[in-house]
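In UniProt numbering, the protein residues as written are 1 to 178.
This is the structure:
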C-alpha cells in the first residue's frame with residue numbers, strides 16, 4: 001500500500017470549483033451527474049470549522065461571507081464557528097437531517113444552507129444545477145429520478161474505479177495489515 005501527494009490531489013477539495021470537481025471525476029470515468037449524486041453523501045456526516053472559516057469571514061479576501069449562504073444559516077454557522085474560535089469544532093453537513101440518508105441535503109443546496117463552498121457551488125453552476133433540481137417538483141417527486149437509486153448506482157460505478165484484476169491485483173490475507 002502507498003500514499004502520495006499525487007493521490008491526494010485527485011481527491012475532491014472543499015474549495016474546488018465545479019469545473020475542477022468535474023475534471024477529477026471525469027479522470028476516474030465518472031460523470032457530472034455522478035458527481036452531484038455522490039456529493040449527496042454529505043446528507044450524513046460532519047465537517048470542521050477549519051474548512052469553512054474563509055467562507056464565513058473572508059470569502060473574497062474582503063472580510064465578508066460568501067453571499068450565496070442563506071443569511072439565517074450564516075448566523076447559525078457563525079454561532080457554531082465564531083471568528084477566532086476552535087477550528088476543530090464539528091458541524092453537520094446536512095442541516096436538519098444529518099442522521100438520515102435522504103435528499104434533504106440537495107434541498108439545502110438549493111436554499112443556500114450548506115457549509116462547504118464546493119457543495120454550494122454545485123447549485124450555483126448551471127452545468128450541475130439541473131441534476132439537483134431533477135430530484136424535486138412533480139417529476140422528481142413521483143415520476144422522475146430517485147436520489148436513493150441513483151446514489152446506489154453511482155456508488156457501484158465508483159467502486160469499479162481503479163480495480164485491479166487477474167495478476168495485477170493483490171488479495172490481502174490479513175485484512176488489518178497493508
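Glycine included, C-beta positions come from ideal geometry on N, C-alpha and C.
Original post:
residue 22: buried (16+ other C-beta within 10 angstroms of its C-beta) or exposed?
Top reply: Walking along the chain shown from the start, residue 22 turns up at place 22. Classification for residue 22: buried.
Subject >> Bounding residues of the alpha helix (DSSP H) (the contiguous stretch that carries residue 128) >> reply: Within the chain shown, the letter at position 128 stands for residue 128. Run containing residue 128: 126 to 133, per the alpha helix (DSSP H) assignment.
Original post:
If you follow the alpha helix (DSSP H) that residue 80 is part of, which residue opens it and which one closes it?
Top reply: Residue mapping note: residue 80 aligns to position 80 of the chain shown, counting from 1. 71 to 80 is the span of the alpha helix (DSSP H), which, as asked, contains residue 80.
Original post:
Any idea if residue 11 is buried or exposed, counting beta-carbon neighbours within 10 angstroms, 16 or more meaning buried?
Top reply: Taking the chain shown and counting its residues from 1, one reaches residue 11 at position 11. By the 10 Å Cβ count, residue 11 comes out exposed.
**OP:** Provide the residue span of the alpha helix (DSSP H) that contains residue 21, from first to last.
**Re:** To locate residue 21, count along the chain shown from 1; it is residue 21. 18 to 26 is the extent of the alpha helix (DSSP H) around residue 21.
Subject >> Cβ-based neighbour list, residue 59, same chain, cut-off 7 Å, excluding 5 preceding and 5 following >> reply: Here residue 59 refers to the residue found at position 59 when the chain shown is read from its first residue. Cβ neighbours of residue 59 beyond the five flanking positions: 65, 66.
Original post:
Are the segment 78 to 90 and the segment 43 to 63 touching, with three or more C-beta to C-beta distances below 8 Å?
Top reply: yes
**OP:** For residue 99, count neighbouring C-beta atoms within 10 Å of its own C-beta (all shown protein chains included) and say buried if the count is 16 or more, exposed if not.
**Re:** Numbered from its first residue, the chain shown carries residue 99 at position 99. Taking all protein chains shown into account, residue 99 has fewer than 16 neighbouring C-beta atoms within 10 Å of its C-beta and is therefore exposed.
Original post:
With a CB to CB cut of under 7 Å and the five nearest residues on each side skipped, what residues in its chain are close to residue 168?
Top reply: In the chain shown, the residue the question calls residue 168 occupies position 168. Cβ within range, chain order: n/a, list empty.
Original post:
When the Cα atoms are used, what is the spatial distance from residue 129 to residue 31?
Top reply: Locating residue 129 in the chain shown gives position 129, counting from the first residue. Locating residue 31 in the chain shown gives position 31, counting from the first residue. Computed Cα separation, rounded: 14 Å.
Original post:
What did DSSP end up calling residue 43 once you bin it into helix, strand or coil?
Top reply: For the purposes of this step, residue 43 is identified with residue 43 of the chain shown, where counting begins at 1. Helix, per DSSP.
**OP:** Please confirm whether residue 182 and residue 122 have their CB atoms less than 8 Å apart.
**Re:** Here the chain covers residues 1 to 178 and nothing more, so residue 182 does not appear.
**OP:** Could you pull out every residue in the same chain whose Cβ sits closer than 7 Å to the Cβ of residue 132, ignoring the five residues on either side in sequence?
**Re:** Within the chain shown, numbered from 1, the residue matching residue 132 stands at position 132. 36, 106, 109, 110, 122, 123, listed in sequence order.
Subject >> Cβ pair residue 17, residue 68 closer than 8 Å >> reply: Counting from 1 along the chain shown, the entry for residue 17 is found at position 17. Counting from 1 along the chain shown, the entry for residue 68 is found at position 68. Cβ atoms of residue 17 and residue 68: not closer than 8 Å.
**OP:** Report the three-state DSSP secondary structure of residue 93 (helix, strand or coil).
**Re:** The count along the chain shown starts at 1 and reaches residue 93 at position 93. If DSSP states are grouped into helix, strand and coil, residue 93 belongs with coil.
**OP:** Please work out which residues of its chain come closer than 7 Å, Cβ to Cβ, to residue 33, disregarding the five sequence neighbours upstream and downstream, and give them in chain order.
**Re:** Position 33 of the chain shown, counting from 1, holds the residue named residue 33. Excluding positions up to five away in sequence, the list reads 131.
**OP:** Could you have a look at residue 48 and say whether DSSP puts it in helix, strand or coil?
**Re:** To locate residue 48, count along the chain shown from 1; it is residue 48. Note: residue 48 maps to strand in three-state DSSP.
**OP:** Buried or exposed for residue 202, please, with buried defined as at least 16 other CB atoms from any protein chain shown within 10 angstroms of its CB.
**Re:** Not covered by the structure: residue 202. The range shown for the chain is 1 to 178.
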